[in-house]
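Colleague: Under the UniProt record's numbering, the first residue of the sequence shown is numbered 1, with each subsequent residue one higher. Beta carbons are placed, not taken as given, at the ideal position from N, Cα and C, and that holds for glycine. Have a look at this one.
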Amino acid sequence: MYGNSTFKWAFRLLMSALFIGAVFMTIFVFTNVPFSKLYVQDVGEKTLHEHDRSIPGLTVPTYTLMEQELETSDYHRVHVTATGYTAGEESTGKNPGDPAYGITYSGLPVLRDSYSTVAADPTVFPLGTVLFIPGYGYGVVADTGSAIKGTKIDLYYDSIEDVFNEWGKKDLDVFVIKEGTGNITQEELNQLNERTTIHDFKRTRET
1 MYGNSTFKWA FRLLMSALFI GAVFMTIFVF TNVPFSKLYV QDVGEKTLHE HDRSIPGLTV
61 PTYTLMEQEL ETSDYHRVHV TATGYTAGEE STGKNPGDPA YGITYSGLPV LRDSYSTVAA
121 DPTVFPLGTV LFIPGYGYGV VADTGSAIKG TKIDLYYDSI EDVFNEWGKK DLDVFVIKEG
181 TGNITQEELN QLNERTTIHD FKRTRET
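Structure (structure tokens):
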């Protein structure tokens, strides 16, 4: 008798867990909101909450400030599909110790900073192009990829957890702050990240 009862309770718990998992998956599919951004604020009430992003010089308030200060009408707008990626096997097929691990097409190491390395189709965004990506910050095109064609771009993150928690995949408008020349050096990237002001480019569209 007790064995039967225990089995029933275990079965009910399993079914409850599967149901809850299905609910979270449905929310993720329709809203693209990762599970870690959902938390219960009050009993029975679910609220979406953005995690703090703790990368050097770039926090959630900074993202907001950057978006508020950017005169979007001054820059060319392009609608893209942006996906997060890492240097790891899940994105590149490479592991630590591989000579090419963490190295972009331009030869620069991947970087998540105020000006991060991103991957794009060089026929659309030449190497060295500086983009402003709402919710991510500045991205400097330093990498390419066989699956990155047209208006698809990849945004670098340090870990797969960051990809899922902070980005995932989004369709959005990005702004071309400066068109690249087809090349980007480590010195140029360092200089960008040493800027003391949030927007240190001329507020005129590059021609």
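For the beta strand (DSSP E) holding L192, just list the boundary residues, first then last.
Modeller: Unbroken run through L192 is the alpha helix (DSSP H), 186-193; no beta strand (DSSP E).
Colleague: Count the other CB atoms, across all protein chains shown, that sit within 10 Å of the CB of R77; report buried if there are 16 or more and exposed otherwise.
Modeller: R77 should be labelled exposed.
Colleague: Going by alpha carbons, who is nearest to L131 out of G145, V118, I184?
Modeller: Comparing Cα-Cα distances from L131 to each of G145, V118, I184, the minimum goes to V118.
Colleague: To which residues does DSSP link D173 through a beta bridge?
Modeller: In DSSP, D173 forms a bridge with H79.
Colleague: Taking only three categories from DSSP, how would you classify F125?
Modeller: Residue state, collapsed to three classes: coil.
Colleague: First and last residue of the alpha helix (DSSP H) that includes S91?
Modeller: Here the alpha helix (DSSP H) through S91 covers 89-92.
Colleague: Look at H79 and D173 and say whether their C-beta atoms are less than 7 angstroms apart.
Modeller: Against a cut-off of 7 angstroms, the Cβ pair of D173 and H79 comes out as a contact.
Colleague: Assuming V141 contacts T129 under a Cβ cut-off of 8 angstroms, what Cβ separation, rounded to an integer in Å, is found between them?
Modeller: Yes, they are in contact, since the Cβ atoms of V141 and T129 sit about 4 angstroms apart, within 8 angstroms.
Colleague: Work out the CA separation of G97 and I133 for me, nearest whole Å.
Modeller: Their Cα atoms are separated by approximately 31 angstroms.
Colleague: Going by DSSP, what residues sit across from L155 in a beta bridge?
Modeller: Beta-bridge pairing links L155 to G84, V118.
Colleague: What are the boundary residues of the beta strand (DSSP E) that V163 is part of?
Modeller: From DSSP, V163 is part of no beta strand (DSSP E); its letter is neither H nor E.
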